[in-house]
Amino acid sequence: MRIFRGAVSDGDLRLLRVFKTLVDHGGFAAAEVALDKTKSAISLDLTHLEERLGARLCTRGRAGFGLTNEGQIVYLAALQLFADLDKFRERVAGAVRRLTGTVSLMVVDNIVSVAADPLAEALGRFSTRHPEVEVRIESATPAGVERALLEGDGDLGISVVPRPVATLEMIPLFSEELRLYCGRGHPLFEDDAPREDEVRTHPLVRPSVTDDPAFAALVAGFPSTARASNLDTRVLLILSGRHLGFLPPHYAESWVVRGELREVLPQRFRGENMFYAMMKKSARPSAAAQALLQAILAAFGEAGMG
Numbered sequence: 001m002r003i004f005r006g007a008v009s010d011g012d013l014r015l016l017r018v019f020k021t022l023v024d025h026g027g028f029a030a031a032e033v034a035l036d037k038t039k040s041a042i043s044l045d046l047t048h049l050e051e052r053l054g055a056r057l058c059t060r061g062r063a064g065f066g067l068t069n070e071g072q073i074v075y076l077a078a079l080q081l082f083a084d085l086d087k088f089r090e091r092v093a094g095a096v097r098r099l100t101g102t103v104s105l106m107v108v109d110n111i112v113s114v115a116a117d118p119l120a121e122a123l124g125r126f127s128t129r130h131p132e133v134e135v136r137i138e139s140a141t142p143a144g145v146e147r148a149l150l151e152g153d154g155d156l157g158i159s160v161v162p163r164p165v166a167t168l169e170m171i172p173l174f175s176e177e178l179r180l181y182c183g184r185g186h187p188l189f190e191d192d193a194p195r196e197d198e199v200r201t202h203p204l205v206r207p208s209v210t211d212d213p214a215f216a217a218l219v220a221g222f223p224s225t226a227r228a229s230n231l232d233t234r235v236l237l238i239l240s241g242r243h244l245g246f247l248p249p250h251y252a253e254s255w256v257v258r259g260e261l262r263e264v265l266p267q268r269f270r271g272e273n274m275f276y277a278m279m280k281k282s283a284r285p286s287a288a289a290q291a292l293l294q295a296i297l298a299a300f301g302e303a304g305m306g
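In UniProt numbering, the protein residues as written are 1 to 306.
In structure tokens, the structure reads:
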């Protein structure tokens with residue numbers, strides 16, 4: 001095999017692609033379909049490549065198709081060449097699409113207690129790919145997240161939905177289970193088998209999200225003497241021993257272990273919150289906002305939550 005000299009032209013790349021396809025498909029018959037070329041046309045391209053390189057690349061005939069030693073070397077080099085070309089295109093495209101500016105993410109209070117890992121993964125990936133974009137994150141109540149998006153103070157939001165909003169685009173991310181709890185000192189705390197009708201006579205801390213029909217039916221009939229906008233304020237009222245309230249089991253666990261909270265009729269009182277990624281429908285999201293949304297959806301999907 002003589003030393004290859006000269007620049008690699010577009011014609012050389014075309015011939016190398018034909019050769020690579022021929023090897024990938026194990027011979028002329030399958031390569032004809034892949035290349036949409038006749039056997040004679042492929043053979044002619046192969047001959048031109050062999051002349052260009054000064055080496056015989058393969059055997060063909062009754063014995064079947066096979067690579068020579070030189071052909072094996074050229075094939076491996078071609079694989080590396082095309083991989084490097086793909087990387088070059090990706091890097092150039094990335095430079096052209098370089099994102100700058102600011103993207104604002106609104107998240108519901110206490111989201112770290114349920115979705116810290118996938119959200120941190122999404123933010124890490126985004127900042128690695130787009131280091132020149134400043135990410136601003138603020139937390140708020142569900143109503144506060146909604147208001148920020150509608151008023152243009154946030155590009156993206158992650159929250160439960162306090163009420164259906166036609167002007168928000170909402171993509172389901174994950175659901176969170178809710179169970180009913182009472183605090184130590186509550187009349188039901190020492191009751192191992194309370195009746196459902198008795199449970200419903202006790203005051204309930206109203207969460208800010210009750211528009212889901214199934215959850216609304218679950219809390220129907222409870223007297224309400226308190227309302228809390230997030231988990232931290234809700235659990236304080238439950239711990240007071242004066243109110244029942246719904247909490248995610250993972251959030252309530254530490255108080256349950258310490259004997260400060262107890263679940264009430266777990267076989268009956270269970271609901272869920274659905275969390276959404278959301279943005280204002282009428283807004284034209286920036287490229288940075290779209291990229292962050294895709295990073296969030298990918299991370300939650302890989303975590304098995306989306």
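Note that beta-carbon positions come from the ideal geometry of N, C-alpha and C, so glycine has one too.
Cβ pair residue i, residue j closer than 7 angstroms
i, j, result
"His202", "Leu244", "yes"
"Val74", "Asp45", "no"
"Ile296", "Ala122", "yes"
"Lys281", "Glu169", "yes"
"Leu156", "Met279", "yes"
"Pro248", "Glu176", "yes"
"Gly241", "Gly301", "no"
"Ser159", "Arg136", "no"
"Pro266", "Arg179", "yes"
"Ala220", "Val205", "no"
"Leu292", "Phe82", "no"
"Ala78", "Leu35", "no"
"Ala299", "Val133", "no"
"Tyr181", "Glu253", "no"
"Arg200", "Phe222", "yes"
"His48", "Leu99", "no"
"Leu261", "Gly183", "yes"
"Leu237", "Ala226", "yes"
"Thr21", "Ala31", "yes"
"Phe65", "Gly11", "no"
"Leu303", "Ile171", "A small correction: the amino acid at residue 303 is Ala; Leu does not occupy that position in the sequence shown. In this structure, Ile171 does not lie closer than 7 angstroms to Ala303 by Cβ."
Boundaries (first-last residue) of the beta strand (DSSP E) holding residue i
i, result
"residue 317", "A query on residue 317 cannot be resolved here, the shown segment of the chain reaching from 1 to 306 and no further."
"Glu190", "Where Glu190 is concerned, there is no enclosing beta strand (DSSP E), given that its DSSP letter is neither H nor E."
"Phe246", "Gly245 to Leu247"
"Phe174", "Leu168 to Gly183"
"Thr102", "Gly101 to Val108"
"Ser224", "No beta strand (DSSP E) contains Ser224, which DSSP labels as neither H nor E."
"Leu204", "No beta strand (DSSP E) contains Leu204, which DSSP labels as neither H nor E."
"Gly271", "Arg270 to Lys280"
"Arg242", "No beta strand (DSSP E) holds Arg242; DSSP gives it neither H nor E."
"Leu261", "Leu261 to Glu263"
Buried or exposed (CB count within 10 angstroms, at least 16 for buried), residue i
i, result
"Thr167", "exposed"
"Thr102", "exposed"
"Glu198", "exposed"
"Val8", "exposed"
"Gly271", "buried"
"Gly71", "buried"
"Asn69", "exposed"
"Arg89", "exposed"
"Gly124", "exposed"
"Val33", "exposed"
"Pro118", "buried"
"Gly152", "exposed"
"Arg234", "buried"
"Val23", "buried"
"Leu76", "exposed"
"Leu218", "buried"
"Gly259", "exposed"
"Gly54", "exposed"
"Leu85", "exposed"
"Pro207", "buried"
"Glu146", "buried"
"Val161", "buried"
Where the alpha helix (DSSP H) through residue i begins and ends
i, result
"Glu302", "Ala287 to Glu302"
"Leu123", "Val112 to Arg129"
"Lys147", "Inspection of the sequence shows that residue 147 is occupied by Arg rather than by Lys. Here the alpha helix (DSSP H) through Arg147 covers Pro142 to Leu150."
"Arg234", "Leu231 to Leu239"
Chain B contact for residue i (CB, 7 angstroms cutoff)
i, result
"Gly64", "Among the chains in the structure shown there is no chain B, since it carries only a single protein chain."
Inset, instruction - Scan the UniProt domain "HTH lysR-type" (12-68) and note each continuous alpha helix (DSSP H) run of 4 residues or more that stays entirely inside, going in chain order. - result: 28-35 and 39-53
Inset, instruction - Would you check if the region 137-156 and the region 103-121 touch, i.e. whether three or more CB-CB distances between them fall below 8 angstroms? - result: yes
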